[in-house]
Structures are given as C-alpha cells and as structure tokens.
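> When you line the sequence shown up against full-length UniProt numbering, it's residues 1 to 475, in that order. Sending over a structure as structure tokens; questions will come in a sec.
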Amino acid sequence: MPKLYGWVREVVPESPADRAGLQSGDLVKTINGHLIRDLVDYRFYVADEELLIGYERQEDAREVTINKRADENLGVLFGEEPAPFIRQCANKCVFCFIKGLPERFAPQPGLEHGMRSSLYIKDDDYRYSFLFGNFVTLTNLKELDWQRLDEQKLTPLYVSVHCTNPDLRRKMVDGPRAGEIIEHIKRLGDMGITCHTQLVICPPINNGPELERSIRELTELRPIVESISVVPVGLTKYNNMIKTGDLPPLRACTREEADEIIEMVEAYQRRFSAEDPDGNPFVYLSDEWYYITGRDFPPSEHYGLYSQIENGVGMTRFLIEQWNRTKRRLPVVMPEPRPRRITLVTSTMAQPVIEGFASDIREAIDGVEVQVVPVINKFFGAQVTVAGLLCAQDVLETLKDLDAMGDLVLLPRVMLDNEGQRFLDDITVDEFKAQLPTRVEFVRNAQETIEAIRTLAGLPAATRGRQLVRLQSRV
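Below is the structure:
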C-alpha cells in the first residue's frame, strides 16, 4: 500500500473508528464530502460530531457514518506524509540552511553515508507552520492558499520576517512578493489569524536602525503579531563569509554587536512589560545572545507560555527549571561495585549549564563520578556550537579519545531526527552504539536524564508521564 495521505496505519481499539469498522490499510479520502488533502484538512473536518467517512479498501470505494462527541478523538493514526507533499521554498535567503550544508552529492572526508537526505528539503509550507511551528516567509501563498487559511483559520502561524523594510527584505529573502510582508501580516489579521515572528540578525545588514524599525513596525501590528523573537544568524564553514548580491558578506555577530542588540531589545522589553497587564515583554531574545555575552538568563516568568521555545527562546531557562524541579528524584547511592561513572555529552555552548547539572548529580549520589564532555563541531566548523548540529562522527571521535566513558553515556536526543533513528551524517543509532563499549542513552529532557540514572542505580522510573518537549536547533 503506498504512503498516500489518508492511509490508515493504525486504528485505536474501542475508538469510534474501530467501532465503525475502519481498518489498517484503509485510505480515507473524504470527510462529509470534503477531500482530505493532508493532516490540516483531517483535523479541521474531523471536529464535527457526525462524520460521513469516504474511504477505499483494496480499491473498493466505501462510506461509513460515525457519530462521536465533539471532543472525542476519532481514533485513526495515519502513515507519515511523504516529503513531496511539502510546499517547497522558492526563496534564496542569504542565510538559507541549505547553504550551510555541504553539496548534497559531493564527497566529504569521513562521510561514508552522506548527509541525511531530508536536510536538503527546503520547506516554506504554511500547513507545517500551523501544525509544527515551522517558520514560513509568506512569499509563496497563492489565492487558493489564502482562501484556505480564511476558511480553516489556521492560527497561529510562525513567520520569518527578518526585516520590515521592503527593499531590504527583497534582498535578504529574494523571493516572490518578499517586500509585502506587512501587507501579508495585515491580511492574516483580517482573517482572524495571529502570528509569532522572528528576525534573524545578519550584521551589518539588518541590525542597528533596521532592527529598531522592524520591532517598531511589528509592534504596530499587535495583536495580530503575538511575539517577536530576535535570533543571531548561525553560520557553518560552508556559508561563513558568503556574499549575495550587493549585501555585505555573511558573518557572525561580534560580542560588541550582541551587547548592543541586547540593550536595545531589553529597552523595548521594559516598555512592553510595563504596558501589558501580564507583564508580557512581546519581543524576546533567543538563548544564543546570553551565551555569546555571558549574561544571566531571564527568569521563567519572562517567557510566559514559552511560545517560541522551538526557536531557541527560553530553551535553557526551561531546561534549568525542569532540572531543579526533578533533581530531587536522583538516587542517593549507586549499587556495588562502586564508583560508577556517568558521561554527559553536550555541545560547547551548553557546557556551562550541563556542568551545573553534573555538580548536582555528584552532590546527590554517593558513589558516582560524572564527567561532562563537550564536542567540538569539526564537520560544520567550531563556530557551530549547538547540540542539534553535531554529527555522529565528531561525537564518536571525541568519546574514543577519552580514557574511560564509564558505565553510562547520555547524549541529547536533539542530535537525532524526529524518529530518533539517525544523526545528521546519516549514521543510525544502532551503528553509533555498536562502536562504543558502554551503555548509551539519548535523552530529551531532565526527566529522561534522571530516569536513565535511576535505571543505572537499579531503581524504577521516577515518573509515568514525561514532558517531552522537542528542542530543535537551527543553523
């Protein structure tokens, strides 16, 4: 059975779909007469209480009527939507993620597998923005897309603005209608759709007066615009100092520029927090700015609902607060023979935070040694300091140089793809583990870290429910 959208992978037992007789392998095509093109359509039309499901079973067209409560899940799990269904990006952004990758089919030293193929898909799909928080530029929307947005009220969306100056945005984004971003956001507002926005700062292109203009003009669009995130450009050795058109070559922010940006944004934050009944600062700085400058991270209340955590806004504070809430569940002693050694693998950027966690583990547990191992990113370049862009080859090389890895190696789950199966350099988890002589676990958060340590101590899992927040990194 081909993996078309609507292909039923699994039916939840005792669900309305199960009681109606839907089966794995069925192909759901319509709901109440509406064609199901993708997951957005399914979620929108399945909300009704009375559903007429049109489906195929072994190419035999069938229909079934299902009655359910409005808040009741139908109980259908679909197969993955294949990559060709993703709306491709038509832009040529100066800092595009693809430009930071090696050429797709060019041979790379030490890269036997090639890069993960999905990395080379340039998506700019408003459906994925609504479903998963992906940032889109709004440059490729056709009239039918606007009509669908209006009909289904896909809100909120996540919009890459970068700058509001029309002439400059045309140069930075280099896509159809790139200079119409203000008009596009206003049109979303007319439909009752709100958005979270981001400004990726590429000095000296869109910082300074251009950044002030962008914040000011997006502020005038409240409440359509719910938040602004200010993010430093991330460059690899493949696109560092690359030049596009008549714009200056791309480069990273200096410490001095980062200080200036923080001071500018914090002035706006103080003003907006004072004006907002909930103290909402409206414009946020991503975590990298605090790492670059060595400044303290704001308290958790600064981030409110963490609406842009997937964009690196408040990720570190969330992790610290999560750790502080759960570290009391650490075991107090390791079983004989002791001592036991735990290795925490991390990125160079996050090393100071992880060192704090390691200190807590040493203090809490009798008979444990903990070492923190930061991995230098040789594949993309040492200027890339986030865990999500570490390749398996760099991690393996670092670990094999250690005198001893100990009894447990913990690595951030964000190094892997969504399924938790492959690194960026296409090495599988099984292949990775086969090259190490000790137990290896990939953990998403503080709870999973502590559960892995409890298992090492021979204790049961500390929690049943896990707050599995996927913290993505970006170039």
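Beta carbons are placed, not taken as given, at the ideal position from N, Cα and C, and that holds for glycine. On a predicted model such as this, the values are computed, not experimentally measured, just so you know.
Can you grab the Cα-Cα spacing for the pair L51 / T155, in whole Å?
When rounded, the distance between both Cα atoms is 24 Å.
> In chain order, what residues of the same chain have a beta carbon less than 6 Å from the beta carbon of K92, not counting five sequence neighbours either side?
D174, listed in sequence order.
> Tell me which residue opens and which closes the beta strand (DSSP E) that N67 is part of.
Counting along the chain, the beta strand (DSSP E) containing N67 begins and ends at 60-67.
> In whole angstroms, what separates the C-alpha of M415 from that of L390?
Roughly 6 Å between the two C-alpha positions.
> Drop a sphere of 10 angstroms on the beta-carbon of P460, count the other beta-carbons inside from all chains shown, and report buried for 16 or more, exposed for fewer.
Exposed, because fewer than 16 other Cβ atoms sit within 10 Å of the Cβ of P460.
> Our contact map puts V443 next to P412 with C-beta atoms below 8 Å; I'd like the distance itself, whole angstroms only.
With 8 Å as the limit, V443 and P412 qualify as a contact, their Cβ atoms being about 7 Å apart.
> Do H162 and L131 have their C-beta atoms closer together than 8 Å?
No; because the gap between Cβ atoms is not below 8 Å, this pair is not in contact.
> Please classify E451 as buried or exposed, where buried requires at least 16 other C-beta atoms within 10 Å of its C-beta.
So E451 ends up on the buried side.
> According to DSSP, which residues form a beta bridge with H162?
DSSP lists no partner for H162.
> Taking C-alpha atoms, which residue in A446, N445, D407, A392 lies nearest to F423?
Looking at the Cα atoms, A392 is the closest of the given residues.
> Thinking C-alpha only, which one of L27, I185, D124 is nearest I98?
Nearest option by C-alpha distance: D124.
> What do you get for L456, buried or exposed, if any count of 16 or more other CB atoms within 10 angstroms of its CB means buried?
The residue is buried, with at least 16 neighbouring Cβ atoms inside 10 Å.
> Whole angstroms are fine: how far does the CA of A258 sit from the CA of C96?
Rounded to whole angstroms, C96 to A258 spans 21 Å at the Cα level.
> Quick one: is V368 buried, meaning 16 or more other Cβ sit within 10 Å of its Cβ, or exposed?
Classification of V368: buried, given that the 10 Å Cβ count is 16 or more.
> Once the 5 residues before and after residue 522 are set aside, which same chain residues still bring their CB inside 8 Å of it?
Any property of residue 522 remains undetermined from this structure, which presents the chain solely from 1 to 475.
> Where does F78 fall in DSSP's three states?
Residue state, collapsed to three classes: strand.
> Candidates R62, V136, G192: which alpha carbon is nearest E151's?
The candidate whose alpha carbon is nearest that of E151 is G192.
> I'd like the span of the alpha helix (DSSP H) that includes E397, first residue to last.
Unbroken alpha helix (DSSP H) run through E397: 392-400.
> Tell me which same chain residues have a C-beta within less than 6 Å of the C-beta of A70, skipping the five on either side of it?
The answer, listed in chain order, is E49.
> Please state whether DSSP places L149 in a helix, a strand or coil.
The answer is helix: DSSP assigns L149 an H, G or I state.
> May I have the straight-line CA-CA distance separating I31 from V46, to the nearest angstrom?
Each residue's alpha carbon lies about 7 Å from the other.
> Which residue's Cα is closest to the Cα of A382: V373, V372, Q371, D394?
Out of V373, V372, Q371, D394, D394 has the C-alpha closest to the C-alpha of A382.
> Going by other Cβ atoms of all chains shown within 10 Å of its Cβ, with 16 needed for buried, is D296 buried or exposed?
Exposed, by the Cβ-count rule.
> Can you look up Q421 in the DSSP assignment and give me helix, strand or coil?
If DSSP states are grouped into helix, strand and coil, Q421 belongs with coil.
> CB-CB under 6 Å to N67, same chain, minus the five flanking residues each way: which ones, in chain order?
Within the same chain, N67 has close Cβ partners E50.
> Closer than 8 Å is the cut-off here; do at least three beta carbon pairs connect the segment 203-218 with the segment 345-355?
Verdict: no, contact absent.
> Ignoring anything shorter than 3 residues or poking outside the segment 253-337, list the beta strand (DSSP E) runs there in chain order.
For the segment 253-337, whole beta strand (DSSP E) runs of length 3 or above, ordered along the chain, are 283-285.
> Comparing C-alpha positions only, which one of T348, Y238, E56, K171 sits nearest to L101?
When each option's Cα is compared against that of L101, the closest is Y238.
> Measuring straight from C-alpha to C-alpha, what distance separates T197 and I261?
Their backbone Cα atoms lie some 17 Å apart in a straight line.
> Select from L399, A446, V230 the residue whose C-alpha is nearest the C-alpha of residue 476.
Given a span of 1 to 475 for the chain in the structure shown, any question on residue 476 remains unanswerable.
> Measure the Cβ-Cβ separation of P166 and T139 and say whether it is below 8 Å.
No, they are not a contact pair.
> Where DSSP assigns a beta bridge to L157, which residues make up the other side?
Answer by DSSP bridge pairing, in chain order: C195.
> Using 8 Å for Cβ pairs, my map puts P298 next to R328. What's the rounded Cβ distance?
About 24 Å separates the two Cβ atoms, so there is no contact after all.
> For residue 476 versus F78, is the C-beta spacing smaller than 8 Å?
For the chain, the structure presents residues 1 to 475; residue 476 sits outside this window and is missing.
> Indicate whether at least one CB of chain B lies closer than 8 Å to the CB of P337.
Absence of chain B from the displayed structure is noted, only one protein chain being present.
> Please report the distance separating the alpha-carbon of P374 from that of T348.
The alpha-carbon atoms of P374 and T348 are separated by roughly 5 Å.
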